[in-house]
Amino acid sequence: MLTAKNILYICVFCVFLFGCEDPFRVPSSESNIGILVVEGRIGDEETLILLSRTANLDSFSIKPEVNALVQIENELGNVVGLLAETEAGSYFLDTDLIVNEKYRIRIETNNQEVYHSDYATLIATPPISDLKARVDPVSGNIEILVSTQDLDNNTRYYQWNYEETYEYSAPYSSILEFDGEKVIPRDRNGDRQITLCWKSNNSSDILLESSIQFDEDVVSNKRLVSYSLSETFKFNRTYSILVNQYALSSNEFEFWSLLEKNSESLGTLFDPQPSQISTNLECKSDPQKGVIGYVGASSKTQKRIFVRNADIPESFRNLEVVELFCEEGLVWMGDEDEVVRILSDGMYVPIEIVPPTPDGDIPDILYATIFCADCREQRGVNEGGTNVRPNFWF
Amino acid sequence: MRRQKWIFTFFLLYASFAQSQNISGQFNNTNFKDFASQIEQQTGWRVFYDPELLDTLTVTASFTNQRVTTALEVVFRGTKLKANYFENAIFVFNDLIIQTELPDDFLSRDASDSAVTDEILVDIDNSSGSDDNRPPLIIGTRTSRILPGNATVSGRVVDKSSGEPILGASVYIEEPLIGTFSDLDGRFSLSLPRGRQKLLLSSVGMEPEERMIIVYSDGSIEIQLEEITTALDEVVVEAERDDNLLEPQMGVEKLNIKTVKLVPTALGEADIVRVLMTLPGVKSVGEASNGFNVRGGSSDQNLILFNNSTIYNQSHLFGFFSAFNPDVIQNVELYKSSIPAEFGGRLSSILQVNSRVGDSTKISGSGGIGLVTGRITVDGPIGDKTTFLIGGRATYSNWILKTIKNEDYRNSSGSFYDMNVDINHRVDDKNTLKFYAYRSNDSFKLRSDTLYSYSNNAANVLWRRDFEDFYTDVSVGFSNYTYDISSASNPVNAFELGYGISQVDAKADLNYFGFDGHSLNFGLNTIQYYLESGSLLPQGEESLITPSVLQDERASETSLYLSDSYEVSTKLNVSVGVRGTLFRSKGPRDYFVYAEGVPKSDQTIIDTVSAAGGQLIKAYPRPEFRVSARYTLTDESSVKIGFNSMNQFIHRMSNTVAVSPTDVWKLSDFNIKPQSGNQVSIGYFRNFKSGLIETSVETYYKRIRNVLDYKSGAVLTMNPNLEADLLNTRGRAYGVELLIKKTSGRLNGWLGYSYSRSELRQDDALAGELINDGNWYPSNFDKPHDFTAVMNYKLSKRYSISLNMTYSTGRPVTVPLEQFTYARSRRLLYSDRNEFRVPDYFRTDIAFNIDGNHKLNKPLHGSWTIAIYNLTGRRNANSIYFLSEGGGIQGYQLSIFGNPIPTITYNFKF
């Protein structure tokens, strides 16, 4: 509701007129303290804990903490599960845990530091009652809104993350492929097709809401994403979003709010001073040692929706954002050497056969630049798409 | 008949006149004035005469040890002039017939009563010719002999043309050096040696005045000062010459609005607060913040009094304008260290903003048109005894918003205005009534979504009554500040958040001059506070917001004060003040009692106590002491020391670096103790070139207790147990301030430098979290080095250039040191609080002032100011911040005015 962001607007209003924002380099810090960072949540079905170390500002690498022993303990201090390191710094366990029981994480690092989280009650998360897309009438942005409700009125604090997937296409629809020697028809149903691709992104914002000021434990139309015109290309074909919802304890909510304040809204003089972030972990082997993170416990509820391009009026979509400079050409099918010469280095992809003119005898092959023919090869916003239809896609 | 008595008295005395004074000298066509001064020099007597009567008389004579009486007889031979001798004075009259009979009532008169009436005084005054030859003003009841010792001279300084009182005029005599300043009503009081004195008066924008006075006993006078005739010759800083040496107080800054108007500003509007910030010891955290910090105190530690009414938010447009219309203001006074006992309730400073008194001779007006604001003020008389002044100012900034190529801004709107109505009514010679009313309002709608509005309202009535040796002021006032934020864009979340603080205050104040050498001030001041601490209400049927209303707060703050400024000797002045304040937090209210020895939190509440309406919850009696002394070393230098202790019972809750309009004020209560502080200061003041150049060095040390700081993640709005999110910290501030002022001439202005520190410490682990491991850390506005130059150079009568340069150390910030990844984004681990600083601040502004021609009969006198703010375009970092954007972290420094900002303003007078 009333946030520092609104006030930021006021300040930025004047900056618009006269002011400037310049990049600022932090005075170089020699102390690379390397504090352990613990991220994750104990879940009712699965638990994923990520361990890493802080790094100085210049290094862009994440420093995963490998070879640590990560366990879940119940209130009696018994180990109920041992997490396996599935990839560097990522520890996973898919054991069922009991809602309303208390659990904690115990970590023993490779260099014999021992950390405990505080015991947390595993909270049952209510289901998502509504998830929808709409065009905001004021801004014209396309928004995804989530609603939920706890009829027992005792959840109160919520967090979301999401994975969005959208479909996009290549400008040319290739029905041919080059097998290294000759041009053959393309299988357009399996993973050989290169015209349609899907790109997925995970949420990077901290999405929180509390219903503490409401009588009822209701979250109504919490905005998860808001895309301005430059990003609405995601809705040019079909868009899908899977939203995960988690219940939080009040302390955990506070932790996340603080984290959000510290790194997402430090805009102006009117924002609060950054403050030391609380944690529910401590280093047992060396109480002086800092640690970052909060390990809560709650179940997860999910909901997925699809947004078809027909659902969004065209005027709110920007069809022109993905700009490709396509080259195309024709090669006479009969000149096999020329066909190999053009297609063998992979720069061009055969598209289709152009029927011969009435007086010709052998048709030409239309070919085009690979990033215009193969959707996987697009760069920019669509970089990293896959031509494999996701299994949840219709 | 009365005149006869007077003359008769002379006559009687004449017989017993032991005439033994002689005069020598050669006079050749000497005018009488010079001859008279020869008499005065050689005999020590005074010669009084009407210059018109004697301006044609020349003296050609030679005297050798000639008796004065004889000499004058010689000189007056052949004229109708007669000399009359009275005590050690000679009066010259034309054709005076001396009465030889006793008046009828002579025998019934008290034999000791040799009084003369004031009528004669008036006669003499009216006969004044050129300035130099005006007869002296007689003060008190004329007696046959001038008694030894001091008498209290009180009076009033007024503008000759408009009859308006002149505030801050310096009134002094040079030998011995004794002086003071006129107050808000032009009043002053001095304890002067009896006898003949030369009284000097000066004030900004007025012709300096010298008047001879003869002090017989306590009495009062009214002195008129004339405005400097050519407005073109105004100077930026007019000398209140020798003020700095004479006044017993230290750390007092006075600014006249004319000074303020010549200093260039960012948006072309004269701004008193901005100009105050150019003086040593006054700082701010940045450009977009109208809160200011005095000697290391936070911005809520300044009491802002606009015509005696407390103003809780002194800014418009989130700090880009001050809430005071420059056309309405007469002057401002800022007390940084020697705070008079009549003021209290804030730790750092008292800022008095005084508006003009309406013109008592004719209807006149003034106004201005700038890029985003327009203003107009009209003042004048209503009948003989009443004057009025009405001023208004409003913005038309919406057009700027509309030009911004960003939909969010185009859908926003903003406006502000302020209004003043002042009425001054002289009931009779002894009684004056003053009425002030003020309102300011800001209203912003952002992105067609959230509507912010806030406003100040204040009204005040003051009754001034004059008595022989004292005067009294009784005033009753009201002031209030409210804000309101509402949003209706999402019907389910539609809300309205309101907050309000109101106070009703009354003050009775008495100034007494009856004791020789003493100037006493005592009074009673009481404030009743009513706070609507916050309400969050749903709007519309669909809204699910739970109505929540915080409990109102009630309290009273009653103070009794007494101070005495005592002229111990001609060199030493000592002022001592005592102020006792009783703050009472009152019901109705339910309040929490927390367990002792553990940090306050939801979990440590051990009891909830209900206090009924009016019931005392907690009383804080607090005595305060104010001591200052001045010792005059030489005619051009003095040294001063001061000590003060202060308490503050109302606190602004702000978790942001700058003052924001949505900050809430909170009263001390059961759980929140008053802030208290004390300060010692020493200053050396030295003038050069008879006061043309003033210099001073002041140093101070200040300690503050129970400053409020906030726990990490504190929630300050709508928090029913706010105290659990607060920390009590200690503060200290110290510094040295240097100031050099050149007060007049073609080039004038000032240079100020200060070295100052302001630090806080939270080392009580039981209070909650430690900040920076319990070590001292710099406050947000700790800027050790600060240099400012404000200069004005007159190119010609109509053109002048003003230049303003400011350098200061960058303010402290907390910066990130380490990064880590959390929730898929890069996050930051922050340094200790305020461990680093933004880059140093440097800015130059220039203004070119063009006055229209000065034909008197023009109906409208206009002037133009063309200014460039931040001439060098230096991108001064206002704040530094870091954003995680799409998974990465980027640091930015934000500069509010990162380019040269040209403005043009047209001002007019009619």
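Residue numbers (our numbering), protein chains in the order written: chain A, -8 to 385; chain B, 11 to 920.
Cβ atoms here follow ideal geometry from the backbone N, Cα and C, with glycine treated the same way.
(1) Please return the same chain residues whose Cβ sits closer than 6 Å to the Cβ of isoleucine 360 of chain B, not counting the five positions on each side in sequence.
(2) Within 8 Å, do at least three Cβ pairs link the segment 290 to 306 of chain B to the segment 730 to 745 of chain B?
(3) If you draw a straight line from the C-alpha of threonine 536 of chain B to the C-alpha of aspartate 600 of chain B, how long is it?
(4) Could I get the ranges of all uninterrupted beta strand (DSSP E) runs contained in the segment 797 to 852 of chain B, with 3 residues as the minimum, in chain order?
(5) Name the one or two DSSP bridge partners that tyrosine 110 of chain A has.
(6) Should threonine 396 of chain B be flagged as near chain A, meaning a C-beta pair shorter than 8 Å?
(7) Tell me the DSSP secondary structure of phenylalanine 316 of chain B in three-state form.
(8) When DSSP labels each residue in this structure, what does cysteine 366 of chain A get in the three-state scheme?
(9) Are serine 573 of chain B and serine 585 of chain B closer than 8 Å when you measure CB to CB?
(10) Assuming serine 706 of chain B is part of the beta strand (DSSP E), what are its boundary residues?
(11) Going straight from the alpha carbon of leucine 235 of chain B to that of isoleucine 149 of chain B, what length do you get?
(12) Rounded to a whole number of angstroms, what is the C-alpha to C-alpha distance between isoleucine 379 of chain B and phenylalanine 892 of chain B?
(13) If I measure Cβ to Cβ from valine 823 of chain B and keep anything under 6 Å in the same chain, skipping five residues before and after, which residues do I get?
(14) Using a Cβ-based criterion (distance less than 7 Å to any ligand heavy atom), does glycine 54 of chain B qualify as near the ligand COA?
(15) Can you tell me whether arginine 179 of chain A is buried or exposed, with buried defined as 16 or more other CB within 10 angstroms of its CB?
(16) Just how far apart, CA to CA, sit serine 841 of chain B and isoleucine 268 of chain A?
(17) So with CB distances below 9 Å, who are the chain B contacts of isoleucine 14 of chain A?
(18) Should the segment 274 to 294 of chain A be called in touch with the segment 112 to 132 of chain A, which here means at least 3 C-beta pairs below 8 Å?
(19) Determine, for phenylalanine 698 of chain B, whether the minimum Cβ-Cβ distance to residues of chain A falls below 8 Å.
(20) CB leucine 677 of chain B to CB glutamate 563 of chain B, shorter than 8 Å?
(21) Report the residue from A:Thr112, A:Glu329 and A:Asp127 whose alpha carbon sits nearest the alpha carbon of aspartate 35 of chain A.
(22) Starting from the C-beta of leucine 177 of chain B, find all residues in its chain whose C-beta is less than 7 Å away, skip the five residues before and the five after it, and write them out in chain order.
(23) Starting from glutamate 99 of chain A, follow its DSSP beta bridges and name the residues at the other end.
(24) Considering Cα atoms alone, identify which of B:Phe316, B:Thr383, B:Gln362 and B:Tyr322 is closest to aspartate 432 of chain B.
(25) When the Cβ atoms of the segment 713 to 721 of chain B are set against those of the segment 370 to 389 of chain B, are three or more pairs found closer than 8 Å?
(26) Write down every uninterrupted run of the beta strand (DSSP E) in the segment 341 to 379 of chain B whose length is 3 residues or greater and which is fully enclosed by it, in chain order.
(27) Among residues of its own chain, excluding the 5 on either side of proline 730 of chain B, which ones have a beta-carbon nearer than 7 Å to its beta-carbon?
(28) Run the CB neighbour count on arginine 251 of chain B, radius 10 Å, all protein chains shown included, and call it buried at 16 or more, exposed below.
(29) Can you give me, in chain order, the residues of the segment 531 to 555 of chain B that have a beta carbon less than 8 Å from any beta carbon in chain A?
(30) Taking a cut of 8 Å between CB atoms, which residues from the segment 275 to 296 of chain A lie near chain B?
(31) Is it right to say aspartate 394 of chain B is buried, meaning 16 or more other beta carbons lie within 10 angstroms of its own, or is it exposed?
(32) Below 7 Å on C-beta distance, what does asparagine 500 of chain B contact in chain A?
(33) Give the single residue among B:Ile282, B:Leu541 and B:Ile223 whose Cα lies nearest to the Cα of glycine 165 of chain B.
(34) To the nearest angstrom, report how far apart serine 425 of chain B and glycine 652 of chain B are at their CA atoms.
(35) Flag this pair as touching only if the segment 370 to 379 of chain B and the segment 159 to 174 of chain B have three or more C-beta atom pairs under 8 Å; answer yes or no.
(36) State yes or no: is the beta carbon of asparagine 242 of chain A nearer than 8 Å to at least one beta carbon in chain B?
From the atom records:
(1) These residues qualify, in order along the chain: Leu313, Tyr345, Ile349 and Phe353.
(2) Segments in contact, yes.
(3) Spanning the two alpha carbons is a distance of roughly 25 Å.
(4) The qualifying runs are 809 to 818, 826 to 832 and 835 to 840.
(5) Under the DSSP definition of a beta bridge, tyrosine 110 of chain A lacks any partner.
(6) Interface residue (Cβ-Cβ distance to chain A less than 8 Å): threonine 396 of chain B is not classified as such.
(7) Phenylalanine 316 of chain B: strand per DSSP, three-state reduction.
(8) In the three-state scheme derived from DSSP, where H, G and I count as helix and E and B as strand, cysteine 366 of chain A is classed as helix.
(9) Taking a C-beta distance under 8 Å as the contact criterion, serine 573 of chain B and serine 585 of chain B qualify as a contact pair.
(10) Secondary structure note for serine 706 of chain B: its beta strand (DSSP E) is the uninterrupted segment 703 to 720.
(11) Annotation: leucine 235 of chain B to isoleucine 149 of chain B spans about 19 Å, alpha carbon to alpha carbon.
(12) Roughly 39 Å separates the two Cα atoms.
(13) These residues qualify, in order along the chain: Phe846, Val848 and Ile890.
(14) Looking for the ligand COA in the displayed structure turns up nothing, as the structure carries no ligands at all.
(15) The residue in question, arginine 179 of chain A, is exposed, as its Cβ has fewer than 16 Cβ neighbours within 10 Å.
(16) Distance from the CA of serine 841 of chain B to the CA of isoleucine 268 of chain A, rounded to the nearest whole angstrom, comes to 12 Å.
(17) Per the sequence presented here, residue 14 of chain A reads as proline, with isoleucine not at that position. Per Cβ cutoff of 9 Å: Gln900, Gly901, Tyr902 and Gln903.
(18) The segment 274 to 294 of chain A vs the segment 112 to 132 of chain A: in contact.
(19) Residue-level contact check: phenylalanine 698 of chain B does not touch chain A, since none of the beta carbons of chain A fall below 8 Å from its beta carbon.
(20) Taking 8 Å as the Cβ cut-off, leucine 677 of chain B and glutamate 563 of chain B qualify as a contacting pair.
(21) With distances taken between Cα atoms, aspartate 35 of chain A lies closest to A:Thr112.
(22) Answer for leucine 177 of chain B: Ser192, Asp193, Leu194, Gly196, Gln340, Asn341 and Asn364, listed in chain order.
(23) BP columns for glutamate 99 of chain A point to A:Leu60 and A:Val105.
(24) Minimum Cα distance to aspartate 432 of chain B is reached at B:Phe316.
(25) Between the segment 713 to 721 of chain B and the segment 370 to 389 of chain B, the count of Cβ pairs shorter than 8 Å is below three; the stretches do not touch.
(26) Here the runs fully enclosed are 359 to 365 and 374 to 379.
(27) For proline 730 of chain B, where only same-chain residues beyond five positions count, the Cβ hits under 7 Å are Leu560.
(28) Its pLDDT being 47, under 50, arginine 251 of chain B is placed unreliably in this model, and the value from its coordinates should be taken loosely. Taking a 10 Å sphere around the C-beta of arginine 251 of chain B, we find 16 or more other C-beta atoms and assign the residue as buried.
(29) Here the close residues are Leu546, Leu554 and Ile555.
(30) Cβ contacts with chain B come from Ile283 and Gly284.
(31) When all chains shown are included, aspartate 394 of chain B counts as exposed.
(32) Those within 7 Å of asparagine 500 of chain B in chain A are Asn212.
(33) Shortest Cα-Cα distance from glycine 165 of chain B to any of B:Ile282, B:Leu541 and B:Ile223 involves B:Ile223.
(34) Going by the C-alpha atoms only, they are around 44 Å apart.
(35) Yes, they touch.
(36) The Cβ of asparagine 242 of chain A sits no closer than 8 Å to any Cβ of chain B.
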